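Visitor: To start, I am sharing the structure in question, which I have written as structure tokens.
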Ligand SMILES: Cc1cc2nc3c(=O)[nH]c(=O)nc-3n(C[C@H](O)[C@H](O)[C@H](O)COP(=O)(O)O)c2cc1C
């Protein structure tokens, strides 16, 4: 069972979530999870102005996502930061390169989930995931969220990401908050849940 974790991360929050997801999915018997980053679309001088050049360089060794990666996967977990309440342009551009897969129906029936990160608590975590889902459904994918059996999304004792739509983290307005243990547990849960559903569908 081959799970692709396909992400974009400008400052490292989604990347940390992707790594936790991969570790968790790899603990499921018979599952092999690999991480891929979608291609950057911004030039280095723009990334430098956004304070994102070091984080971009730190990810250089992560293999690039391609449509073929999606076609070969049994399930896909997408990770994208919020941009004005939607996915990033980098992720959108990658998804818009998958028309050939759509034409062949190559992703029909494959389970897929989405996790996200936003700067502020109510800055678009749910809308980012919810507006991602139509693309998955146009591809015929089976949407997998973060069920309430992940109890970590229930409490109000600390700032925490996560909703039934998918795992998430809150980076803070200045990006200084890295994913908490509970945020990471959320994406681990979603990754394992996706892997188990992929196994059931394959059976
Ligand atoms: C152009 C732009 C738009 C953004 N829009 C939002 C937004 O609508 N809501 C929000 O809470 N954060 C917003 N952010 C903050 C990002 O979501 C935040 O930097 C990101 O979640 C950090 O994840 P990363 O380290 O993986 O890139 C925006 C950031 C940029 C650069």
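In my numbering, the protein residues as written are 1 to 203.
Every residue gets a Cβ at the ideal spot worked out from N, C-alpha and C, and that includes glycine.
All figures in this text were calculated on a predicted structure; none of them were measured in a lab.
For residue 97, which option in 122, 79 and 69 has the closest C-alpha, if you only look at C-alpha atoms?
Guide: The residue given as residue 97 occupies position 97 in the chain shown. In this structure, 69 is the residue among 122, 79 and 69 with its C-alpha nearest to the C-alpha of residue 97.
Visitor: Comparing the CB of residue 176 with every heavy atom of ligand 1, is any distance shorter than 8 angstroms?
Guide: As a position in the chain shown, residue 176 is number 176, starting the count at 1. No, since every heavy atom of ligand 1 falls outside the 8 angstroms radius drawn around the Cβ of residue 176.
Visitor: Check whether the Cβ of residue 43 sits closer than 8 angstroms to any heavy atom of ligand 1, and report yes or no.
Guide: Within the chain shown, the letter at position 43 stands for residue 43. Residue 43 Cβ: outside cutoff for every heavy atom of ligand 1.
Visitor: Can you find at least 3 beta carbon pairs, one from the segment 45-57 and one from the segment 68-84, that sit closer than 8 angstroms?
Guide: They do not touch, by the three-pair rule.
Visitor: Just to confirm, does residue 163 get its C-beta within under 8 angstroms of one of the non-hydrogen atoms of ligand 1?
Guide: Your numbering for residue 163 matches position 163 in the chain shown. No, ligand 1 has no heavy atom inside 8 angstroms of this Cβ.
Visitor: When DSSP labels each residue in this structure, what does residue 20 get in the three-state scheme?
Guide: Position 20 of the chain shown, counted from the start, is the residue given in the question as residue 20. In this structure, residue 20 counts as helix in the three-state DSSP scheme.
Visitor: With burial defined as no fewer than 16 other Cβ atoms inside 10 Å of the residue's Cβ, what is the status of residue 128: buried or exposed?
Guide: Indexing the chain shown from 1 puts residue 128 at position 128. Looking at its Cβ environment, which holds 16 or more other Cβ atoms inside 10 Å, residue 128 is buried.
Visitor: Would you call the CB atoms of residue 13 and residue 171 closer than 9 angstroms?
Guide: Along the chain shown, one-based indexing puts residue 13 at 13. Along the chain shown, one-based indexing puts residue 171 at 171. Contact: yes.
Visitor: Could you check which residue in 33, 40, 29 and 117 has the C-alpha nearest to that of residue 184?
Guide: Mapped onto the chain shown, residue 184 falls at position 184. That would be 117, whose Cα lies nearest to the Cα of residue 184.
Visitor: Could you give the uninterrupted runs of the alpha helix (DSSP H) lying entirely in the segment 77-103, keeping only those of 4 residues or more?
Guide: 89-95
Visitor: Determine which residues share a DSSP beta bridge with residue 142 and list them.
Guide: The sequence position of residue 142 within the chain shown is 142, counting from 1. In DSSP, residue 142 forms a bridge with 111.
Visitor: Is residue 149 buried or exposed, if buried means 16 or more other CB atoms sit within 10 Å of its CB?
Guide: Counted from its first residue, the chain shown places residue 149 at position 149. Exposed.
Visitor: Alpha helix (DSSP H) containing residue 197: first to last residue?
Guide: For the purposes of this step, residue 197 is identified with residue 197 of the chain shown, where counting begins at 1. Counting along the chain, residue 197 sits inside the alpha helix (DSSP H) bounded by residues 181-202.
Visitor: Who does residue 118 pair with in a DSSP beta bridge?
Guide: Start at 1 with the first residue of the chain shown, and residue 118 comes out as number 118. Note: residue 118 sits in a beta bridge opposite 170.
Visitor: Could you say which of 75, 32, 188 and 198 lies nearest to residue 152 if we only look at CA atoms?
Guide: One-based indexing of the chain shown puts residue 152 at position 152. Out of 75, 32, 188 and 198, 188 has the C-alpha closest to the C-alpha of residue 152.
Visitor: I'd like to check one pair, residue 142 with residue 197: are the Cβ atoms closer than 9 angstroms?
Guide: Within the chain shown, the letter at position 197 stands for residue 197. Within the chain shown, the letter at position 142 stands for residue 142. Contact: yes.
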